[in-house]
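**Q** Position 90 of the sequence shown, counting from 1, maps to 110 under this note's numbering, and the rest follow consecutively.
For glycine and all other residues, C-beta sits at the position ideal for the given N, C-alpha and C.
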Amino acid sequence: MSTHAIVRRIPNSFKTLALGISDEIDLEKAKTQHEEYCKALRNVGLKVIELPEDENLPDSVFVEDTAVICNGTALICRPGHPTRQKEVEMIRTVIKKELELPILEISDPEATIDGGDVLFTGREFLVGLSSRTNEAGSRALAAAFPEYPVTPIRIKHKLHLKTSLTMAGPDTLCVSEEQESQDILKKIEQEASFQYKTITVPDGDAANCIYVNGTLIHLSEFPNSTKVFEEKVDFNRIALNISEFRKADGSLTCPSIVIKKTK
Ligand code: CIR
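1) Can you grab the Cα-Cα spacing for the pair Gly100 / Gly270, in whole Å?
2) How far does the beta strand (DSSP E) with Ala87 in it reach, from first residue to last?
3) For the stretch 224-270, which segments carrying the beta strand (DSSP E) assignment without a break, of at least 3 residues, lie completely within its bounds, in sequence order?
4) Please report the straight-line C-alpha distance between Lys176 and Ile133, rounded to a whole angstrom.
5) Which term fits Met21, buried or exposed, when burial requires 16 or more other beta carbons within 10 angstroms of its beta carbon?
6) Give a yes or no on whether the C-beta atoms belonging to Pro72 and Ala38 are separated by under 8 Å.
7) So if DSSP puts Arg62 in a beta bridge, which residue, or which two residues, is it bridged to?
8) If I follow the unbroken alpha helix (DSSP H) through Met110, where does it start and stop?
9) Tell me which residue opens and which closes the alpha helix (DSSP H) that Ser196 is part of.
10) Taking all protein chains shown into account, do 16 or more other C-beta atoms lie within 10 angstroms of the C-beta of Asn32, making it buried, or fewer, making it exposed?
11) Check whether the Cβ atoms of Thr93 and Leu124 lie closer than 8 Å to each other.
12) Against chain D, does Gly148 count as a neighbour if the rule is that its beta carbon must be under 8 Å from one of theirs?
13) Going by Cα to Cα distance, which pick from Pro102, Thr103, Arg104 and Ile111 is closest to Ile96?
14) So, helix, strand or coil for Phe34, using DSSP?
15) Tell me which same chain residues have a C-beta within less than 8 Å of the C-beta of Leu236, skipping the five on either side of it?
16) With DSSP run on the structure shown, which of helix, strand or coil describes Leu161?
17) In three-state DSSP terms, what is Pro332?
18) The ligand CIR and His177: does the residue's C-beta get closer than 7 Å to at least one heavy atom of that ligand?
19) Buried or exposed for Gly224, going by 16 or more other Cβ atoms inside 10 Å?
20) Cβ of Phe145 within 7 Å of any heavy atom in the ligand CIR?
21) Going along the chain, which residues of its own chain have a beta-carbon closer than 8 Å to the beta-carbon of Lys283, five neighbours each way excluded?
Have a look at this one:
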């Protein structure tokens with residue numbers, strides 16, 4: 021069972037300075053959506069550690085990109101965009117001081133890796149080689165978790181691997197009908213170490229969901245994709261609206277790091 025989630029409050033600078041803003045962000049709405057998001061994480065039994073906002077770090081609500089935590093060990097990422105690299109500092113502190121987990125740092129100065137490019141399937145890692153994550157970053161992940169295979173997958177258009185594909189249940193990948201998502205799936209079927217079931221949703225953004233503690237958290241904003249989840253998922257579901265995060269290229273997984281703390 022997962023036990024904790026790290027989240028970080030939204031700074032006012034998110035509205036204007038976040039990377040990749042496609043449409044005007046309603047800050048109050050974003051804050052309400054963040055509260056609902058935290059509530060959903062609590063409802064699936066997680067202790068939510070809420071970090072304070074930092075106005076100098078407009079994208080810092082997207083904590084997923086700052087660390088990969090697996091089997092009780094944390095790899096501190098080196099985010100691929102320079103304006104985001106300082107975000108790791110507070111995350112490192114909370115993992116060390118509050119969660120008391122062992123920490124691994126990336127020693128290769130050439131390596132960059134965003135957590136949004138790292139999908140742990142429960143059996144292996146799939147890692148996106150994107151505009152944010154490079155091969156040295158993928159090698160750093162493999163060195164940090166030698167107990168699991170790591171398969172790199174080239175990302176051509178979207179921001180991260182998990183923009184197009186996540187886990188929607190035990191051994192179940194969630195993909196969309198979009199070309200990039202289908203290309204990634206094909207690559208996984210050819211090159212990954214294990215085989216998975218798939219759920220295919222019609223809307224690109226809806227392929228990013230969170231499967232945690234027997235519940236699927238998915239977007240509420242796409243009725244046709246919701247219908248697929250209703251039909252295919254026979255366990256608990258929570259549907260959330262994160263429209264304001266999506267305007268800054270954020271998906272459902274981005275505002276949290278979910279942790280299984282055993283000791
Ligand atoms: C960025 O461009 O870095 C942010 N505006 C969005 C990050 C989204 N993170 C994620 O998908 N893991």
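**A** Reading from the atomic positions:
1) 15 Å
2) Ala87 to Cys90
3) 230-232, 235-239 and 256-260
4) 16 Å
5) exposed
6) no
7) Beta-bridge pairing links Arg62 to no other residue.
8) Val108 to Thr113
9) Where Ser196 is concerned, there is no enclosing alpha helix (DSSP H), although the beta strand (DSSP E) it sits in stretches over Thr192 to Ser196.
10) exposed
11) yes
12) Among the protein chains of the structure shown there is no chain D, as only one such chain exists.
13) Ile111
14) helix
15) Ala188, Gly189, Cys229, Ile230, Phe249, Val253, Phe255, Asn256, Arg257 and Ile258
16) helix
17) It is not possible to answer for residue 332, since the shown part of the chain is limited to 21 through 283.
18) no
19) buried
20) no
21) Gly92
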